[in-house]
Structures are given as structure tokens and as C-alpha cells.
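Asks:
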Amino acid sequence: GAAAAKAAIDIAPGEALVIGGVAGGWKASAGAWTVERLAARFGSREVRLKGGGGCTMMFQEFLSYLQRGSDGDASPHYVFDHDVWPELLEEYDASVGGVFPDDLFSILGAARKAFRWFLVGPRCSGSQ
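Using this note's numbering, read the sequence shown as starting at 5 and increasing by one per residue.
Here it is as C-alpha cells:
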């Protein structure tokens, strides 16, 4: 956290900043977000799908669709959900290791545009 924040201070104007090593301690990257665990936790949740004309289905059905190779669809379905599931918000660090400790856009309240998404999909879908 503090090392990443220090690196941000030392970046010269016009130089790129690459933030690395901050996700290692997140539950999301420690195996909590495997297909099997997400299916066990959220399989009965309805998801809105994009691609292939769009539709809704239970998350477990969608994961089965992925495991079947997207049924050979040329334009496969994918989940692109901006209504982030509240259970997942505690499983990653939105401050990116302390580099962004304050959510400056929070002052917009209800006028704030969607700013985080849950994406799941196969190759050749809009999730990649």
C-alpha cells in the first residue's frame, strides 16, 4: 500500500504509472472467484447477458453454456453487469493498494455513471 502510494508521488509528469502486486491479497485473486466457487455462491442468480441478441438466464446455466464451448455460437453471450453484486465488493481493494484512497467521484451521488462491472465470458465475446 504505502510503497505503491510513494511510487505514485515519484512519477514525473507525462510518465506512465504501472501499479503491480496489489491484487495478491484480494479474495478475488486468492481463488474465491473460480468458476466452481462463483457457481456455488451465485448459481441461482439471474444474469443479463450481452451478445448473441441478449437474454437472461440463471448464472449456473450461463456457466454451463461456457463449459459447453458457448454452444458454438459465432457471437457468444457474456455477462457485462454494472450492477456489481454487493457480496463481491468486499473481495477486492478499490483503492488499488492505497494509491487511490479517496473516491473523488462519490460526490456525484445518484448522478454518477456506472464505474465498476462484473464481466464473464468466453473468447470472441465482448468481455475480452
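Beta carbons are placed, not taken as given, at the ideal position from N, Cα and C, and that holds for glycine. Owing to the predicted nature of the structure, the values given are computational and were not obtained by experimental measurement.
1) Suppose you measure from the CA of LEU53 to the CA of LEU21; what does that come to, to the nearest Å?
2) Taking only three categories from DSSP, how would you classify PHE122?
3) Less than 8 Å separating the beta-carbons of ARG41 and PHE63?
4) Any idea if CYS59 is buried or exposed, counting beta-carbon neighbours within 10 angstroms, 16 or more meaning buried?
5) Rounded to the nearest angstrom, what separates GLY4 and PRO90 at their Cα positions?
6) For CYS59, list the residues DSSP reports as bridge partners.
Replies: Here's the rundown:
1) 34 Å
2) strand
3) no
4) exposed
5) Summary: the structure shown does not reach residue 4, with the chain confined to residues 5 through 132, and so no result is reported for it.
6) LEU53
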